[in-house]
Structures are given as C-alpha cells and as structure tokens.
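From first to last, the protein sequence lines are chains A and E. At position 94 of the first sequence the residue is numbered 94 (our numbering), and the sequence of numbers has no breaks. In our numbering, each residue's number is its place in the second sequence (first place is 1) plus 1000. Here the structure comes first, spelled out in structure tokens, and everything after it is commentary.
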Amino acid sequence: MVPATYYIALSLILFVIGAVGFLIRRNLIVMFMSIELMLNAANLAFVTFARQQLGMDGQVIVFFVMTVAAAEVAVGLAIIIALFRHRETLNADEVRILRW
Amino acid sequence: MVIPDISWTVLLPTLLITGTGFAILLADLAVAGPEKDGLGWIGIVGLTVAAIASVALWNTQETSFAGTVILDRYALFFNVVFCLATGLTLLLSMDYLGTIDLHSGEYYAILLFATAGMFLMAAANDLIVLFLGLETMSIAAYILAGIWRADLRSSEAAMKYFLLGAFATGFLLLGIAFLYGAFQTTALGPVAREMGASTDLQRALASGGMALLLVGFAFKIAAVPFHAWAPDVYEGSPTSVTAFMAVGVKAAAFAAFIRVFMYAFDALAEDWSTALAVLAVATMTVGNFAALRQTNIKRMLAYSSIAHAGYLLVGMVAKSDAGGAAVLFYLLAYTLMNTGAFAVVIALGKRGEANETLDDYDGVGMRHPLLGLCMTVFLLSLAGIPALAGFTGKFYLFSAAVQQGYAWLAIIGLLNSVVSMYYYGGVLMRMFMADGGKDVQGTAHRPYLAATLVTTAAGTIFLGIFPSWAFELAHSAFLSLR
C-alpha cells in the first residue's frame, strides 16, 4: 500500500503547480484551470486524510467542494465570455482599463 | 446511523433572507422595465423581518444540524449589521440602477442571496459550513460586480474579483484540509478543545492549516499584501455594488475570521497575533499612503477601506474581549459611514456621466448643502474626528490594544489616522473652498438616495454621541463566542 504521506506530498505539489501557474500564466482560461488544480489538490488531501483515519467526513466534504467548484465554473466562464465580447482577447495583461 | 436533530430556529434568519430572494425572482416575472426597481422594496421588507427576528432571538444560544450551525448573540449581532448593509445598498440601488440603465430583477435577488451566504458565515460552527457560506456570498458578489454588462470596466472588475477570490478559496480549502488531517473533524468546537492538547504532528498540521486560512481570509478582507485586487474591483463595479462589497462582504469576512481565529484557534493566539500585528501595520500604512495620491474617489475610498481593515485587525491582535467587541462595534459604525460616503458618490453621478474624479467635487458642497453636510459627517467620521461614530470605534479599538500591551500598535494606528485626515480633508476642501466644477445632479428627485444619506448621517452622529449601548451589545455578542 502506498503510504499516506506520498498522497499528501502529491497534493502539495499539485497545489504549488496550481498557485505558480496562476501567477505566471497570462491566459485567463489557463489561470482558471490553475485554480481548479488548487481546489482538486485540496480534495486529494481531504480524501487521503479520510482514508488514513477511516472517517467518512473528508470524502463527503469533497462532494461539497466539487459542487461549489461547478457553480464557480458556471459564473467564471460567464464572466470570461462577457469580457471577451468587449475585448476579443483572453490575455490577462490586456485587461487593464483599471490598473491591475 | 443517527439522523441529527434539526432545529429550524437556528436557520430562521438565513431562511427568511433566502425566501425573500426567491420571492424577488418570482415577482420579477410580473414586472418589466423601470418597474423592476420596485422589487427592492420586497428585499427591504424581507431584511426588516430578518432583522426583527434576529433581535427577537437575541437570548438564543443553540446549535443544530449536528452542531454545524450555531445561533448565538455573535451571529445575531452580525445578522443585524448585514441587514443594515444590504438594506442601505437596496435603497441606494433603486435610484442608482436607473442612471446606468440597468433595470434588472436578478440584481436584487442576487444581493439577497449574497446576504444569505453572509448570514451562514456568521453562524458557521463548522469549517465546511463556513466554506459554503463564503462561496454563496462570493459567487453572488462576482456576479454583482459584473452585472453592468454594457460597461467594460464592470466586466473587468468581475474578472479580477473572480480570479483573485477563487485563488484565495484554494488557500482556504487546503487550510481546512490540513485542520481536518490534524483533528479528524472540521467542527470548530472540537478543534478549539484539541488545539491546546495536541501532539507535535497535530500541532504542525494545525499551524500549516492556520497559516493557509490566514492567507485566505487576508484576501477576503483585502489586507496588505493581499489587497491588490480591491482598488480595481471597487473602481470598476457599479457604485452600489462597491458599497455593498466594501461594507457587507468585509463585515462577513471578519465575522468568519474572528470566529475561527479568536474561538477555534484561541490556543494558538500567541502565534497568530504576531502575524496579524504585522499585517495590521502594513495594511494601515499602505492603505493610507496609497489613498493620498488617488484622483478617482472610488479608488480613494477603496484604499481607505483597505486602511480600515488594518484598524480592525488591531482589535483582533489585542485578543481580548474588549478588542473583539471593539471590532464588532467598529464594523457597525463603518457600515453606516462608508455606505453614506458611497451614497454621496452616487448622488454626484448622472445618466452617462459618473463624475468620479476628485475634480468633479469642486464646489459641490456650496451648491448642494445636503450633500456637502452629509459628506462632511462621513469623511470626518472615517478620519476619526471626535463625536462621530468612527472616532468612538477607533477609540475602543486602540484602547483595547493598549490594555494588552500593544501601545506601539495603537500609536501607529493614530499616526495613520492623521495621514488619513489629509486625503479626507482634501475632498472636503474641494467641496467647500474650490470654485467651478461640474453641475451635478444632487439629491433632487431622488428620494431613496436622500433617505439613505439622512439615515446614515444620523446613525453616524448618534453612534458617536451615544456609543455605550451599542458597545454593550457588541460586548455581550462577543462574549457568546468564547
């Protein structure tokens, strides 16, 4: 059996990839995907801790997180489309009428 | 398998707000065009009922849904603050939305749904309920920021708010995962109990979780260095939404922040108070000095709101009951004076012309005495001039810090208030001393706006002169947390 620490390490690596991706990538969709990666890294941590402690809480929490993430996707993509209709670009550096 | 007891009393205020939101959605089908602005009245009635229910339940101390939701004085105090913030926002919006040609029933419904999320945040006794409340509020707020789709700035603001907000959510969630790993539960009560007697591994996981939660909350309250989104979002959003975000959303974030840190993480108070002290100094100083060189009033108020988050953090650093009560009191005062300031910003705009630069304020005070008088009250109160609510609030905050040996922090806070005098005073100088400027609309034929201005100004003065009853309420609300 793979030790729980491996899963936690993987979760942290995914989280850092997501956070760094958010900070350095400039395409709005890719930034958005990076955020999803961070949320799923947290999900992996929840499932691992639940498995390790033989509890169900962590497993159930993941469903809540997935539901919330789905709602966030719906709103986020709508906002991206609303912005795209004005600007015809997905580059975050060109979204700068307001100073960043 | 045991089905936990369900007490609907505990959820009553939240349910009232949610029900009002749905009622607005239904009523929206029956009206068209400018009549939609009348939907705000349904919201105001619903908020009034919820506020009355919250006051009636004042002596409740009850948990339900397996202990995940709690109704105590702390939650009830915040419920009243939220009702006030949203109610004033609704009043503002009914006049404002017409000037930007946005007649939308969803606006009012989403505002109510955001408020329901805020209620849940204040009543959360479990980190997952807190997360759900936070997301209910945040997702609604993202939509509100971008609801003026015809305006590019509104879409941009929504985009930035959404990206940074979701980014912060990631940190918050990983923090919750760490705490779950440490204590096998996300309920605040057990976390608070086991935090004191934890093993090394638990302590390590809990500290990591706490740091991540701190980052998440710091984003939400716009504390430096996690504040970069706030000026852009506040400037770009429709002004009524900006008022709502600066007041309601911030109060809700503080409600959750305080419950988690001053109750669940009380055993680690020595650790987090140092971090918060650093955040408080950075937030106050950066906020005030950046506000000095702004030329757009909404941007200036955004930086001022960042600075105020710093003052509020000073109360949390004090870690005492007096400090916590002071934060609650200040949030109430801040709701009144800051909503009022944004109401003046709205009063200056007219159709197709926002009039948001400081130059537009030249001479306004002399031509529109009501606007000038009210803005004087709000800005002096924000700056902390005696006999106004802002002064009393700052007095409570800083004296709580001094009592706990943070005199240096109080002094930095005072110096910052002096700096803030400069830019608040600058606006007042322009309004009364400068000549020229544009002809602005003022409050003529805008009864709701006038009502908002008078209510908030009267409240600001009243709380400044008779603060003790409100402080007593805040104090007993905070005690129910411990």
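We put the beta carbon where it would ideally sit given N, CA and C, even for glycine. Just so you know, these numbers come straight off a predicted model, no measurement behind them.
(message) My output table needs one value for tryptophan 100 of chain A: the three-state DSSP class, helix, strand or coil.
(response) Position 100 of the first sequence, counted from the first residue, corresponds to residue 100 of chain A. With a pLDDT of 46 at tryptophan 100 of chain A, under the threshold of 50, the predicted position of this residue should be treated as unreliable, though the coordinate-derived value follows. In the three-state reduction of the DSSP assignment, tryptophan 100 of chain A falls in the coil class, being assigned neither a helical nor a strand state.
(message) Let me check understanding here. Comparing Cα to Cα, which of E:Ala1347, E:Asp1362, E:Ala1354, E:Ala1251 lies closest to leucine 1313 of chain E?
(response) Taking the second sequence and counting its residues from 1, one reaches residue 1313 of chain E at position 313. Per the Cα distances, E:Ala1251.
(message) Using only the alpha-carbon positions, how far apart do isoleucine 1070 of chain E and methionine 1431 of chain E sit?
(response) In the second sequence, residue 1070 of chain E corresponds to position 70, counting from 1. In the second sequence, residue 1431 of chain E corresponds to position 431, counting from 1. Rounded to whole angstroms, isoleucine 1070 of chain E to methionine 1431 of chain E spans 47 Å at the Cα level.
(request) Return no unless some Cβ of chain E is closer than 8 Å to the Cβ of phenylalanine 22 of chain A. (result) Against the first sequence, residue 22 of chain A aligns to sequence position 22. It does: the Cβ of phenylalanine 22 of chain A has a partner Cβ on chain E nearer than 8 Å.
(message) Report the start-end ranges of each alpha helix (DSSP H) in the region 1014-1102 of chain E that is 4 residues or longer and not cut off at the edges.
(response) At a cut-off of 4 residues, the continuous stretches assigned as alpha helix (DSSP H) that sit fully inside the region 1014-1102 of chain E are 1039-1056, 1073-1099.
(request) Give the residues of chain E in contact with alanine 42 of chain A, contact being defined as C-beta atoms less than 8 Å apart. (result) In the first sequence, the residue the question calls residue 42 of chain A occupies position 42. Neighbours of alanine 42 of chain A on chain E, chain order: Gly1170, Leu1173, Leu1174, Ile1176, Ala1177.
(message) Please give me, in chain order, every unbroken run of the alpha helix (DSSP H) with length at least 4 that falls completely inside the region 1341-1404 of chain E.
(response) 1364-1367, 1369-1383, 1389-1403
(message) Contact criterion: CB-CB distance below 8 Å. Does arginine 1203 of chain E meet it with respect to chain A?
(response) Residue numbering aside, residue 1203 of chain E sits at position 203 when the second sequence is read from its first letter. With a threshold of 8 Å between beta carbons, arginine 1203 of chain E makes no contact with chain A.
(request) Answer with buried or exposed for proline 1231 of chain E, where buried requires no fewer than 16 other C-beta atoms within 10 angstroms of its C-beta. (result) Within the second sequence, residue 1231 of chain E is the residue found at index 231, counting from 1. With 16 or more Cβ atoms within 10 Å of its Cβ, proline 1231 of chain E is classed as buried.
(request) Note down, in chain order, every chain A residue with its Cβ under 9 Å from the Cβ of methionine 1300 of chain E. (result) Numbered from its first residue, the second sequence carries residue 1300 of chain E at position 300. Ordered by position in chain A, no residue passes the 9 Å Cβ test against methionine 1300 of chain E, which lies about 14 Å from the chain.
(request) Have a look at the DSSP bridge pairing and note the partners of asparagine 91 of chain A. (result) Translated into the one-based positions of the first sequence, residue 91 of chain A becomes position 91. Answer is A:Asn27, bridged to asparagine 91 of chain A.
(request) Starting from methionine 1433 of chain E, trace the alpha helix (DSSP H) both ways and give me its first and last residue. (result) Within the second sequence, the letter at position 433 stands for residue 1433 of chain E. Unbroken alpha helix (DSSP H) run through methionine 1433 of chain E: 1407-1433.
(request) Measure from the C-beta of glutamine 59 of chain A to each C-beta in chain E and report whether the shortest distance is under 8 Å. (result) Indexing the first sequence from 1 puts residue 59 of chain A at position 59. Output row for glutamine 59 of chain A: interface = no.
(request) Note down, in chain order, each residue of its chain lying with its Cβ closer than 8 Å to the Cβ of tyrosine 1263 of chain E, except the 5 sequence neighbours on either side. (result) The residue labelled residue 1263 of chain E in the question sits at position 263 within the second sequence. Closer than 8 Å at Cβ, skipping near neighbours: Leu1188, Ala1192, Leu1481, Arg1482.
(request) Grab the span of the alpha helix (DSSP H) containing serine 1007 of chain E for me, first residue to last. (result) Counting from one through the second sequence, the residue named residue 1007 of chain E turns up at place 7. Counting along the chain, serine 1007 of chain E falls outside any alpha helix (DSSP H), and DSSP gives it neither H nor E.
(message) Check for me: the alpha helix (DSSP H) holding isoleucine 1128 of chain E runs from which residue to which?
(response) As a first step, residue 1128 of chain E must be located in the second sequence, where it is residue number 128. Counting along the chain, the alpha helix (DSSP H) containing isoleucine 1128 of chain E begins and ends at 1127-1145.
(message) Considering just the uninterrupted stretch of the alpha helix (DSSP H) at histidine 1499 of chain E, what are its terminal residues?
(response) With chain E covering 1001 to 1482 only, the question about residue 1499 of chain E has no answer from this structure.
(request) May I ask you to report which of helix, strand or coil DSSP gives alanine 1223 of chain E? (result) By one-based count along the second sequence, residue 1223 of chain E stands at place 223. If DSSP states are grouped into helix, strand and coil, alanine 1223 of chain E belongs with coil.
(message) Just checking: is the beta-carbon of glutamate 94 of chain A within a distance shorter than 8 Å of some beta-carbon in chain E?
(response) Translated into the one-based positions of the first sequence, residue 94 of chain A becomes position 94. Chain E contact via Cβ: absent.
(request) Compile a chain-ordered list of the residues in the region 61-75 of chain A whose CB is closer than 7 Å to at least one CB of chain E. (result) Ile61, Phe64, Val65, Val68, Ala71, Glu72, Val75
(message) Less than 8 Å between the C-beta atoms of threonine 1020 of chain E and leucine 1112 of chain E, yes or no?
(response) In the second sequence, counting from the first residue as 1, residue 1020 of chain E sits at position 20. In the second sequence, counting from the first residue as 1, residue 1112 of chain E sits at position 112. Yes, Cβ-Cβ distance for threonine 1020 of chain E and leucine 1112 of chain E is below 8 Å.
(request) With DSSP as the reference, label alanine 1192 of chain E as helix, strand or coil. (result) Numbered from 1 along the second sequence, position 192 holds the residue referred to as residue 1192 of chain E. In the three-state DSSP reduction, alanine 1192 of chain E falls in the helix class (H, G or I).
(message) Let me check one thing: in DSSP terms, what residues is alanine 9 of chain A bridge-paired to?
(response) Start at 1 with the first residue of the first sequence, and residue 9 of chain A comes out as number 9. Alanine 9 of chain A is not bridged to any residue.
(request) Check alanine 1124 of chain E in the structure and name its three-state DSSP category. (result) Here the question's residue 1124 of chain E lines up with position 124 in the second sequence. DSSP places alanine 1124 of chain E in strand when its eight states are reduced to three.
(message) My output table needs one value for alanine 1470 of chain E: the three-state DSSP class, helix, strand or coil.
(response) Locating residue 1470 of chain E in the second sequence gives position 470, where the first residue counts as 1. Alanine 1470 of chain E falls in the helix class under three-state DSSP.
(request) Could you please give the first and the last residue of the uninterrupted alpha helix (DSSP H) stretch that includes glycine 1170 of chain E? (result) As a first step, residue 1170 of chain E must be located in the second sequence, where it is residue number 170. Counting along the chain, the alpha helix (DSSP H) containing glycine 1170 of chain E begins and ends at 1152-1183.
(message) Rounded to the nearest angstrom, what separates alanine 1122 of chain E and arginine 1259 of chain E at their Cα positions?
(response) Along the second sequence, one-based indexing puts residue 1122 of chain E at 122. Along the second sequence, one-based indexing puts residue 1259 of chain E at 259. Taking the straight line joining both Cα atoms gives about 8 Å.
(message) Please tell me whether methionine 1137 of chain E and methionine 1118 of chain E are closer than 8 Å, where the distance is taken between their beta carbons.
(response) The residue given as residue 1137 of chain E occupies position 137 in the second sequence. The residue given as residue 1118 of chain E occupies position 118 in the second sequence. Yes, they are a contact pair.
(request) Would you please verify whether the beta carbon of glycine 1146 of chain E is less than 8 Å from any beta carbon of chain A? (result) As a position in the second sequence, residue 1146 of chain E is number 146, starting the count at 1. It does; some Cβ of chain A falls within 8 Å.
(request) Using a Cβ-Cβ cut-off of less than 8 Å, give me the residues of the region 1293-1324 of chain E that come near chain A, in sequence order. (result) none
(request) Verify whether the separation of the beta carbon atoms of threonine 1086 of chain E and glycine 1340 of chain E is less than 8 Å. (result) Here residue 1086 of chain E corresponds to residue number 86 of the second sequence, with the count starting at 1. Here residue 1340 of chain E corresponds to residue number 340 of the second sequence, with the count starting at 1. No, they are not a contact pair.
(request) Run down chain E in chain order and give the residues with a C-beta less than 8 Å from the C-beta of methionine 1 of chain A. (result) Indexing the first sequence from 1 puts residue 1 of chain A at position 1. Result: empty, since nearest Cβ-Cβ is about 18 Å, beyond 8 Å.
(request) Could you tell me how far apart the beta carbons of glycine 1393 of chain E and tyrosine 1330 of chain E are, in whole angstroms, since I believe they sit closer than 8 Å? (result) Stepping through the second sequence from its first residue, residue 1393 of chain E is reached at position 393. Stepping through the second sequence from its first residue, residue 1330 of chain E is reached at position 330. The Cβ separation is near 4 Å, so the contact holds.
(message) Taking the alpha-carbon of glycine 1390 of chain E as reference, which of E:Ala1280, E:Asp1321, E:Phe1466 has the nearest alpha-carbon?
(response) Residue mapping note: residue 1390 of chain E aligns to position 390 of the second sequence, counting from 1. The candidate whose alpha carbon is nearest that of glycine 1390 of chain E is E:Phe1466.
(request) Closer than 8 Å by beta-carbon distance: list the chain A residues that pair up with glutamine 1184 of chain E, in chain order. (result) Mapped onto the second sequence, residue 1184 of chain E falls at position 184. What glutamine 1184 of chain E touches in chain A: Phe49, Gln53, Gly55, Asp57.
(message) Between arginine 1149 of chain E and chain A, is any beta-carbon pair separated by less than 8 Å?
(response) Within the second sequence, residue 1149 of chain E is the residue found at index 149, counting from 1. Arginine 1149 of chain E counts as touching chain A.
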